[in-house]
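A.B. asks: Okay, so the sequence shown: first residue is 5 according to the working numbering, each after it adds one.
Please see the structure below; I have some questions.
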Amino acid sequence: MGRLYTHNSLRDAREQFEIMFINDVLQDNEYSLRKSAETLGMHYSGLHRKMRHLGMPKTYRRTSK
C-alpha cells in the first residue's frame with residue numbers, strides 16, 4: 005500500500021494540518037479572526053502569531069458565491 009502523505013517530517017505534516025484546519029475554521033467564521041480564535045479556544049493574538057509563523061496571509065477576502 006502506498007503512502008497517504010507526502011511530507012518529509014512530522015513538523016511539515018503538522019504545519020500543513022494546522023494551515024488546513026485554521027483555513028476551515030476561518031471559512032466557518034466568515035474569515036473573522038476574533039471569532040475563529042474563540043472557536044479554536046485561543047486568544048486573538050495567539051492565532052495571529054500562529055498564522056504568521058505558518059506563513060499564512062494577514063487578511064482574507066471573502067469570495068463571491
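Note that CB positions come from ideal geometry on N, CA and C, so glycine has one too.
Please read all numbers here as calculations on a predicted model, not as lab measurements.
Between which two residues does the alpha helix (DSSP H) containing Y48 stretch?
C.D. replies: Here residue 48 corresponds to residue number 44 of the sequence shown, with the count starting at 1. Per DSSP, Y48 belongs to the alpha helix (DSSP H) from 48-57.
A.B. asks: Tell me whether E34 sits in a helix, a strand or coil according to DSSP, three-state version.
C.D. replies: Against the sequence shown, residue 34 aligns to sequence position 30. If DSSP states are grouped into helix, strand and coil, E34 belongs with coil.
A.B. asks: Consult DSSP for N27 and reduce its assignment to one of helix, strand or coil.
C.D. replies: Within the sequence shown, residue 27 is the residue found at index 23, counting from 1. Helix.
A.B. asks: Roughly how many angstroms lie between the CA atoms of E19 and S13, to the nearest whole one?
C.D. replies: The sequence position of residue 19 within the sequence shown is 15, counting from 1. The sequence position of residue 13 within the sequence shown is 9, counting from 1. Cα to Cα, the separation comes out at about 10 Å.
A.B. asks: I need the DSSP call for S40, collapsed to helix, strand or coil.
C.D. replies: The residue given as residue 40 occupies position 36 in the sequence shown. Helix at S40.
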